[in-house]
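The numbering used here numbers the first residue of the sequence shown as 5 and each following residue consecutively.
The C-beta atom is built at its ideal place from N, Cα and C for all residues, glycine as well.
Report on the structure given below.
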Amino acid sequence: MTNVGTVDRALRFVLGALLVVAVFIPPFAEMVAPWGAWKYALTAWGVVMLGTAAFRFCPAYTLLGVRTCPLAKS
């Protein structure tokens, strides 16, 4: 069962990858360093985004009844 479309999947992958690597790239790491524990929350959100892109399934979409995949069945 998929509910994440191709464009949505690509955007999730790009955003997730950026959030995961942001704490390791020096210019971005310096920006998020003062955020304390919030930088770990951003990294965790990036991992979730990468996971939903990889599996093409978003639990929040299921709860809200949203489907961006045109081939998704009810």
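Nearest-angstrom Cβ-Cβ length linking residue i and residue j, presumed shorter than 8 angstroms
i: T56; j: V8; result: 6 angstroms
i: A14; j: L54; result: Wrong, their Cβ atoms sit about 12 angstroms apart, outside the cutoff.
Pick from the options that is closest to residue i, judged by C-alpha positions
i: A26; options: L68, V51, M5 and T72; result: V51
Sufficient close CB pairs (3 or more, under 8 angstroms) joining the segment 43-51 to the segment 60-78:
no
Between the segment 26-44 and the segment 58-74, can you find at least three pairs of beta-carbon atoms closer than 8 angstroms?
no
Alpha helix (DSSP H) runs contained entirely in the segment 26-58, provided each spans 4 or more residues
30-36
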